[in-house]
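Numbering (this note's numbering), first residue to last: 531 to 719. Even glycine gets a Cβ: it sits at the ideal position worked out from N, Cα and C. So the structure is just underneath, and the comments pick up after that.
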Amino acid sequence: MGGTKQPLRALAVAMLVLMAVFFCGPAAGQEVDSKGGRELTELGHKIDKASNRAASDRVVEKIVAEFKGKFTESDVQGLRKQGLGFGEISILLALASKSGKSVDDILKMRRSGEGWGELAHDLGLKNLGSIIRSVRATAKGVDRGALAGSERRRDGLEQAGRPDKPEKFGRAERMERHERSVRPEQRAF
């Protein structure tokens with residue numbers, strides 16, 4: 531009788547492990563999607579913030595350059611006219627290029643209320659790493675373009691007749707000490 535309890539106990543433990551994997555597995559996958567979705571959203575905000583400091587045509591060039599001929603400037607301008615920010619456009623184009631779906635299909639899914647992570651999961655993308663790298667590269671390019679634009683503007687202001695900073699003068703020389711005058715009551719008689 532002692533021998534039959536052992537296999538039953540092993541079966542019960544195996545069933546518990548299987549149930550745990552069955553219930554926890556999808557939750558772990560959703561966590562990855564939500565983390566990736568949050569990171570994509572943060573990168574999108576970063577692109578939008580940097581694009582405020584740069585000329586919009588330069589930002590469009592950077593976005594188009596990231597996707598190496600898959601999309602044109604008119605595609606990006608059309609999405610801008612639909613009210614999308616440069617960050618959203620970057621994420622949208624990255625998803626479209628990796629998944630093979632059309633931009634319009636992905637945009638419909640996004641407007642139905644899905645987050646970026648859920649969208650990527652629905653498109654069959656298991657790993658958001660390549661999407662995040664692509665959007666991060668766009669963010670870096672836009673940020674560099676914004677910095678270069680602000681330096682050019684600063685140079686233009688200097689050339690427009692802004693006075694130069696005054697020269698710094700050297701250190702002041704030490705004054706010579708005058709001899710102390712002796713008070714009358716301190717004089718020796």
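Classified as exposed, Glu703 has fewer than 16 neighbouring CB atoms from the shown chains inside 10 Å of its CB. With fewer than 16 neighbouring CB atoms inside 10 Å of its own CB, Gly643 falls in the exposed class.
Excluding its 5 nearest sequence neighbours in each direction, Gly671 has C-beta neighbours in its own chain below 6 angstroms: Lys592, listed in chain order. Assignment of Arg641 by DSSP, reduced to helix, strand and coil, places it in the helix class. For Leu649, the uninterrupted alpha helix (DSSP H) segment begins and ends at Trp646 to Asp652. Pairing Ile577 with Glu618, the inter-Cα distance amounts to about 9 angstroms.
Fully contained in the stretch 566-640 are the following alpha helix (DSSP H) runs of length 4 or more, in chain order: 586-596, 603-611 and 616-629. Here the alpha carbons of Ala669 and Val589 stand approximately 10 angstroms from one another.
Take Ser620, set aside five residues on each side of it, and the residues of its chain with a beta-carbon closer than 6 angstroms to its own are Ile577, Ile593, Val665 and Thr668, in chain order.
For Ser711, the secondary structure class from DSSP, reduced to helix, strand or coil, is coil.
Here Glu706 is exposed, its C-beta having fewer than 16 other C-beta atoms within 10 Å. Leaving aside the five residues that flank Leu625 on each side, the residues in its chain whose CB is nearer than 8 angstroms to its CB run, in chain order, Lys631, Ile636, Trp646, Leu649, Ala650, Leu653, Leu655 and Ile661. When rounded, the separation of the alpha-carbon atoms in Ala580 and Gly675 is 9 angstroms. The C-alpha of Glu572 is placed about 49 angstroms away from the C-alpha of Gly700. About 3 angstroms separates the Cβ atoms of Leu658 and Gly566, confirming a contact at the 8 angstroms cut-off.
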